[in-house]
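**Q**
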Amino acid sequence: GEFISAAQEAGRDFTVDWVHLKLNDQAQRTVLCKDPFRSVDDRVKRLIASM
């Protein structure tokens, strides 16, 4: 939810599914989240911070 909120507030185009968080820009930055029980991921925090 935090990723989606940040992307919407920043006006960014994004794609989300069960395991992917992706910014649809020229860099095509994607984070693959394989562990459904992990609630915190530094890679996701960095992706959000890059917006």
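Sequence positions in the sequence shown follow my numbering and run 12 to 62. Even for Gly, the Cβ is constructed at its ideal location relative to N, Cα and C. Keep in mind that this is a model prediction, so the values were computed, not measured.
1. By the three-class DSSP mapping on this structure, what secondary structure does Arg25 have?
2. Roughly how many angstroms lie between the CA atoms of Asp28 and Glu20, to the nearest whole one?
3. Could you check the C-alpha separation between Val42 and Gly22 for me, to the nearest Å?
4. Output the residue ranges of the beta strand (DSSP E) runs that lie fully inside the segment 33–57 and measure 3 residues or longer, sorted by chain position.
**A** Answer, in terms of the structure:
1. On the sequence shown, position 14 is the one that residue 25 refers to. The residue you asked about is not Arg; residue 25 is Phe in the sequence shown. Three-state DSSP puts Phe25 in a strand.
2. Indexing the sequence shown from 1 puts residue 28 at position 17. Indexing the sequence shown from 1 puts residue 20 at position 9. Computed Cα separation, rounded: 19 Å.
3. By 1-based counting over the sequence shown, the position of residue 42 is 31. By 1-based counting over the sequence shown, the position of residue 22 is 11. Taking the straight line joining both Cα atoms gives about 19 Å.
4. 41–43
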